[in-house]
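Protein chains: 2
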Amino acid sequence: MADPNPSRRNETSRRAVLTATLDLLQEVPYARLSIEGIASRAGVGKQTIYRWWPSKAAVLFDAFLLLSEAAEGEAPVLPDSGDLRADLTAVLRATVAELDDARLAEPMRALATEVAHDASLAEAYHRQLDAPLRAAKRRRLEAAQAAGEVAADVDLDVAIDIIWGPLLTRWLQRSGPIDDRFVDALVATAMDGLRPR
Amino acid sequence: MADPNPSRRNETSRRAVLTATLDLLQEVPYARLSIEGIASRAGVGKQTIYRWWPSKAAVLFDAFLLLSEAAEGEAPVLPDSGDLRADLTAVLRATVAELDDARLAEPMRALATEVAHDASLAEAYHRQLDAPLRAAKRRRLEAAQAAGEVAADVDLDVAIDIIWGPLLTRWLQRSGPIDDRFVDALVATAMDGLRPR
C-alpha cells in the first residue's frame with residue numbers, strides 16, 4: 026500500500042530511481058541506459074523522473090551522491106602516519122582496488138565522461154563531490170610540507186594533479202596497466218622527480 | 026555530375042561524411058550528433074554511412090584520423106634543444122593553445138569519452154593515433170636520460186603519464202585552469218619532484 030505521507034512517498038520514489046540507476050549500470054552501458062528503463066526498474070512513471078531531473082546525467086549525478094553518502098558519512102581524511110610516501114601508496118592502492126569494483130567504477134566512468142561534456146555538471150561535480158576529497162588531499166600535503174617532506178615552494182594543486190592525474194588518465198583512457206607496480210612507480214617518480222639526484 | 030569512377034566516388038563520399046562530422050561538431054554537442062544529421066550535411070544516404078561504419082564513434086574515429094593526417098603527414102617528433110625543461114614547456118604550451126581551438130578540441134573531447142566507454146575503440150585509438158605520439162615522447166625522454174637530464178632508473182612510461190596526465194585530467198575533468206602558468210609549474214614539479222632538494 027502506498028505511504029500516505031506525500032513527502033515520505035516522494036523520498037521513497039527518489040531513492041528507488043537512484044538505486045535502479047545504479048543497478049542498471051551493472052547490466053547495460055551508460056550510453057544505452059534510458060529514462061524509460063530506469064522508470065520501469067524503479068516502478069515509477071517516466072513523468073516522475075522528468076519532473077525531478079532535467080537529464081539522464083542529472084539522475085546519474087544524484088545516484089553518485091547517494092553512493093558517496095553511503096560510503097562516507099563524514100568528511101574524507103587521508104591517513105597521516107608521518108610518512109607521505111607510505112600514505113600515498115596506501116591511498117592509491119586502495120583507489121586501484123576500488124576501480125576493480127564495477128558497482129563503483131561504472132557510475133564513476135559515466136560521470137567522468139558527462140563532466141567532460143557538460144560544464145555546468147562539471148561545476149556541480151567539483152563543488153559537491155570532488156571538493157571535499159581534494160581538500161583532504163591538500164591537507165595531507167600541507168602537513169607534509171610543514172614536516173619538511175615536501176618542498177616549501179611546490180604548488181600543491183599541481184602536486185595533487187601529478188599524483189592523481191596519471192591514475193585517472195590510465196583508467197579513463199585505458200592507456201596502460203593499473204596495478205600496485207604502477208602505483209609504486211608513480212609515487213616514487215612524483216616524490217623524486219625525473220632529474221637525477 | 027557524379028564521378029563515373031566508383032572507387033573515386035566512394036572516396037569522395039567518405040571524405041564528405043568525415044568533413045561533415047567535423048563541421049557538425051562545431052555546431053552541436055557530440056551527444057546530439059546523429060547519423061541522420063551527418064548524412065544530410067554530407068549529401069549522402071544514411072545507408073551509405075551504416076554500410077561503412079558500425080557506429081557514430083567509428084565515424085568520429087575516422088574523422089579524427091583524417092584530421093591527424095592533415096596536421097602531420099609524417100611521424101611526430103618532439104623538439105630536442107638539449108634542454109628537456111625548455112622543450113617540455115614549449116610542447117605543453119603548444120598543446121594548451123591547441124585545446125583552445127574548438128575545431129580540434131571538440132572531436133578530441135568526444136573521442137576521449139568514447140575511448141573511456143569502449144575497450145575496442147580504445148585499442149584502435151592507442152594503436153593508430155596515440156602510439157606514434159607516445160613513441161615520440163619516449164624517444165625525447167630516452168635522449169634526456171642518455172644526456173643525464175633524467176635519472177637512469179625513471180620508468181619512462183610513468184614519466185610520460187606524470188607530464189601529460191595532469192594536463193589531460195584538467196582538460197577533461199575541467200578541474201583547474203589550463204594556462205602557461207600551469208604548464209610551468211607542471212614541468213618544474215615533474216622534473217624536481219615534491220620532496221625538498
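The listed protein sequences derive, respectively, from chains A and B.
Counting from 1 along the first sequence, just add 25 to a position and that's the residue number in the working numbering.
Counting from 1 along the second sequence, just add 25 to a position and that's the residue number in the working numbering.
Cβ coordinates follow ideal geometry from the N, Cα and C atoms, glycine included.
Just so you know, these numbers come straight off a predicted model, no measurement behind them.
Check, Outcome
"Span of the alpha helix (DSSP H), counted from its first residue to its last, around I185(B)", "181-198"
"Contacts that E52(A) makes with chain B (C-beta to C-beta distance below 7 Å)", "Result: empty, since nearest Cβ-Cβ is about 15 Å, beyond 7 Å."
"Where E55(B) falls, given that 16 or more other Cβ within 10 Å makes a residue buried", "Here the sequence assigns Tyr to residue 55(B), which means Glu is not the residue at that position. When all chains shown are included, Y55(B) counts as buried."
"Ranges of the alpha helix (DSSP H) found wholly within the segment 41-101 of chain B, counting only runs of at least 4", "60-67, 71-77, 81-96"
"Buried versus exposed call for G190(A) [16 or more other C-beta atoms within 10 Å across all chains shown]", "buried"
"L136(A) - containing alpha helix (DSSP H), residue span", "127-142"
"R159(A) in three-state terms, based on DSSP", "helix"
"Contact check, A82(B) vs L197(A), beta carbons under 8 Å", "no"
"Collapsed DSSP secondary structure at P221(B) in the structure displayed", "coil"
"Contacts that Y55(B) makes with chain A (C-beta to C-beta distance below 9 Å)", "H142"
"Under 8 Å from the C-beta of G173(A): neighbouring residues of chain B", "P221"
"Chain-ordered residues of the segment 194-218 of chain B with a beta carbon less than 8 Å from chain A", "T194, R195, L197, Q198, R199, S200, G201, F207, A210, L211, T214, A215, M216, D217, G218"
"Coarse secondary structure for E238(B), derived from DSSP in three states", "Chain B is shown only over 26 to 222; residue 238(B) falls outside these bounds and no answer can be derived."
"S106(A), buried or exposed, once every other Cβ within 10 Å from all chains shown has been counted against 16", "exposed"
"Partner residues on chain A for R134(B), Cβ-Cβ distance less than 8 Å", "A141, H142"
"Best match in E36(B), D180(B), V212(B), A88(B) for proximity to E131(B) [C-alpha to C-alpha]", "A88(B)"
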